[in-house]
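Per my numbering, the very first residue in the sequence shown carries number 15; after that it's consecutive. Just so you know, even glycine gets a beta-carbon here, dropped at the ideal spot from N, CA and C. Written out below as structure tokens is the structure these notes cover.
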Amino acid sequence: MAGATIHGEVAPGWRPVREAFAAIMRRPGELGAGLHIVHRGATAVDLYGGSHGPDTRQVIFSASKGVAAACLAVLAERGDIDFEAPVARYWPQFGRHGKSHITVAQLLSHQAGLIAPTHPITLAEVLDGRPLADALADEHLRWPPGRPAYHALTWGALADELVRRITGGRLGEVLTELICRPHGLAISIGTPDGPPPVPLQAATRVPLLVRLTTTVFARPGTPLWQAMTVGGAIDEAPEVWVRRRQTLTAQLPAANAVATTRSLARLYAMLLPGAGPCLVGGRTLRAAVGPRVTGRDRVLGVSSAFGCGFALPSRAWRLGSPSAFGHPGIGGALGLADPRRGLALAFLPRSMPADALDDPRHRVLLAAVAKVIGP
């Protein structure tokens with residue numbers, strides 16, 4: 015990518031971010047990326063490099079959880095869901111086997127201990143969604159609430175079923191009807207119609223320490239392996255599995271949202287108060303993004319922190335500011351908002367990082383933003 019053309023514009027004073035983005039595009043193995051930043055309600059950065067453009071649609075992997083969390087916040091704002099209520103109020107079968115006390119907030123903040131069914135499940139059942147949700151509802155708690163345990167894929171099935179019980183529709187339908195269609199956002203859960211999104215490329219160079227860590231912590235049977243494969247139902251690498259037609263046409267709110275860079279940033283901007291159309295009020299936003307759990311994650315092995323579906327700053331989630339919320343994805347996607355700084359940001363690269371929990375591109379970009387508007 016040496017000498018790659020950078021397209022787009024930055025507002026006065028934001029040149030350090032353009033320089034940081036250009037430096038990323040010169041890195042070996044970068045195919046292209048988009049970066050969009052909204053600050054205090056106005057577009058500050060709209061940049062594209064390599065094969066990326068304003069209309070490029072991309073699977074954002076676990077950054078999907080931030081999109082889904084925004085949908086749940088909108089339902090809370092409408093009074094359709096209460097974060098403090100037990101899940102069983104809306105989904106009675108979930109209350110079996112000692113889970114009747116688990117609240118919606120605990121479920122959405124990765125405290126329910128349901129990272130995978132204890133009995134084998136097929137890939138078709140994972141992609142369908144409801145069979146996986148039914149299997150999880152029939153489980154006992156693996157761990158008590160109080161510490162996070164990252165539900166890498168099951169979070170989406172649980173959130174989708176909760177929304178279905180409340181609204182009668184799936185989470186992707188709520189996203190379209192309540193958020194994307196009214197506001198012209200190019201985001202969806204899966205791609206049931208239209209051309210497929212651009213493919214992602216796996217990291218070409220994986221440091222020895224990362225390979226060793228993966229060998230130890232993601233070996234078959236470990237919590238990380240169970241969470242990432244749903245107990246072995248998924249047996250392909252993420253960048254391969256996500257290209258399959260059956261994956262792209264499924265609704266997996268934890269993993270297969272498709273978005274443009276600009277639309278993802280605008281979604282986060284609409285969660286911030288006082289800057290154009292706002293999806294939720296201040297009280298709902300505080301309930302959605304306030305800390306619900308923090309500590310050493312039982313799955314990831316490092317400290318993580320969560321609100322109601324949103325990742326919060328921690329060792330696992332580097333979001334650039336203690337007041338930010340959002341979600342990164344294993345492919346390198348990042349979406350976030352920071353109410354204190356009036357910031358909304360989306361970064362979508364086409365090349366995956368070697369270490370999903372420590373993407374150097376995120377550090378570079380967030381440091382450049384801090385140079386412009388402060389930490």
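Going by the DSSP bridge assignment, what does residue i pair with across the sheet?
i	result
residue 352	357
residue 23	60
residue 318	309
residue 342	348
residue 202	272
residue 117	100
residue 380	Bridge partners of residue 380: none, in fact.
residue 325	320 and 340
residue 123	DSSP lists no partner for residue 123.
residue 73	272
residue 386	Residue 386 pairs with nothing; no bridge assigned.
What does the Cβ neighbour count give for residue i, buried or exposed, with the cut at 16 atoms within 10 Å?
i	result
residue 106	exposed
residue 23	exposed
residue 136	exposed
residue 125	buried
residue 69	exposed
residue 111	exposed
residue 254	exposed
residue 309	exposed
residue 98	exposed
residue 388	exposed
residue 93	exposed
Alpha helix (DSSP H) containing residue i: first to last residue?
i	result
residue 100	Unbroken run through residue 100: none, as it is neither H nor E.
residue 35	29-39
residue 187	185-188
residue 180	168-181
residue 160	Neither: residue 160 is in no alpha helix (DSSP H) and is coded neither H nor E.
residue 260	259-262
Kindly indicate which residue of the options has the alpha-carbon position closest to the one of residue i.
i	options	result
residue 132	117, 150 and 144	150
residue 65	261, 213 and 185	213
residue 345	237, 76 and 257	76
residue 470	168, 157, 286 and 272	Nothing about residue 470 can be read from this structure; the chain reaches only from 15 to 389.
residue 259	318, 325 and 141	141
residue 177	292, 302 and 83	83
residue 350	27, 49 and 43	49
residue 216	252, 235, 234 and 197	252
Taking residue i as part of the beta strand (DSSP E), name the residues at either end of that continuous run.
i	result
residue 47	46-53
Using 8 Å for Cβ pairs, my map puts residue i next to residue j. What's the rounded Cβ distance?
i	j	result
residue 358	residue 247	Not confirmed; about 35 Å, so no contact.
residue 268	residue 79	6 Å
residue 59	residue 31	5 Å
residue 146	residue 119	Wrong, their Cβ atoms sit about 21 Å apart, outside the cutoff.
residue 322	residue 301	7 Å
residue 185	residue 203	6 Å
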